[in-house]
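Residue numbers (the working numbering): 16 to 243.
Beta carbons are placed, not taken as given, at the ideal position from N, Cα and C, and that holds for glycine.
Source: prediction; values computed, not measured.
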Ligand code: UTP
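This is the structure in structure tokens:
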């Protein structure tokens with residue numbers, strides 16, 4: 016199966032960098048590769064990107080400049096994933112979708128960070144999934160799914176087991192894109208998922224090791240987003 020993965024910054028660098036998580040991701044991706052899956056990867060920025068964006072804001076940077084600072088941090092995280100993946104990955108973070116797809120077709124794993132201001136890596140992952148004609152898009156986040164409301168702010172939040180992309184759109188509609196935004200899937204990414212109609216999973220860190228069985232159809236603890 017061809018799969019695009021987005022490892023959110025909230026799991027790669029919730030506070031400091033989580034090296035054990037990066038190692039676990041590399042180990043699982045290696046297993047998936049040996050099972051002949053085609054894999055494409057996007058890395059998020061996490062807490063470090065927010066710290067850098069906050070500093071840039073204090074220095075009176077424009078929104079575009081803040082986004083560019085965020086993009087640099089996502090690419091730094093992409094480099095760490097590349098390091099952990101060793102020979103399996105292309106050595107540099109890819110900056111265009113065409114180049115990333117070429118790398119995947121060569122049999123290597125392309126790793127991307129952010130690409131342009133005005134979005135997050137959620138949108139990059141949706142675009143990469145579409146460009147590569149992936150069958151599945153998988154997001155990893157610290158909350159492990161899509162909830163009725165932000166579970167970090169409201170303990171009564173309920174996780175969706177299954178939802179349509181239309182329901183996702185309703186949930187994120189009206190959320191304003193700003194540098195360092197914290198949202199399960201950003202509105203640009205959600206719109207792209209709707210346009211491409213790709214099946215999407217939102218999972219938590221504990222499912223990383225279970226990816227081989229989840230790709231074979233096993234149950235998971237996250238959210239499945241289906242077209243419609
Ligand atoms: P992300 O928001 O994608 O990192 O990028 P993240 O921490 O993974 O997000 P979550 O919490 O897991 O969902 C960090 C910042 O980099 C800029 C934005 O400002 C974004 O908030 N960015 C990233 C862009 O401007 N364009 C991109 O293509 C990607």
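In terms of DSSP beta bridges, what is residue 104 paired with?
DSSP, once it has assigned bridges, lists 124 as partnering residue 104.
Rounded C-beta distance between residue 43 and residue 226? I'm assuming under 8 Å.
5 Å
Beta carbon of residue 110, beta carbon of residue 204: below 8 Å?
no
Can you tell me where the alpha helix (DSSP H) holding residue 181 begins and where it ends?
180-187
So which of 242, 29, 20, 75 has the shortest CA-CA distance to residue 40?
Of the candidates 242, 29, 20, 75, the one whose C-alpha sits nearest the C-alpha of residue 40 is 20.
With distance defined between alpha-carbon atoms, name the residue in 181, 194, 97, 114 nearest to residue 72.
194
Who are the Cβ neighbours of residue 104 in its own chain at under 7 Å, not counting the five residues just before and after it?
97, 123, 124, 126
Would the beta-carbon of residue 81 be found less than 7 Å away from any heavy atom of the ligand UTP?
yes
In angstroms, rounded to a whole number, what distance separates the CA positions of residue 151 and residue 36?
22 Å
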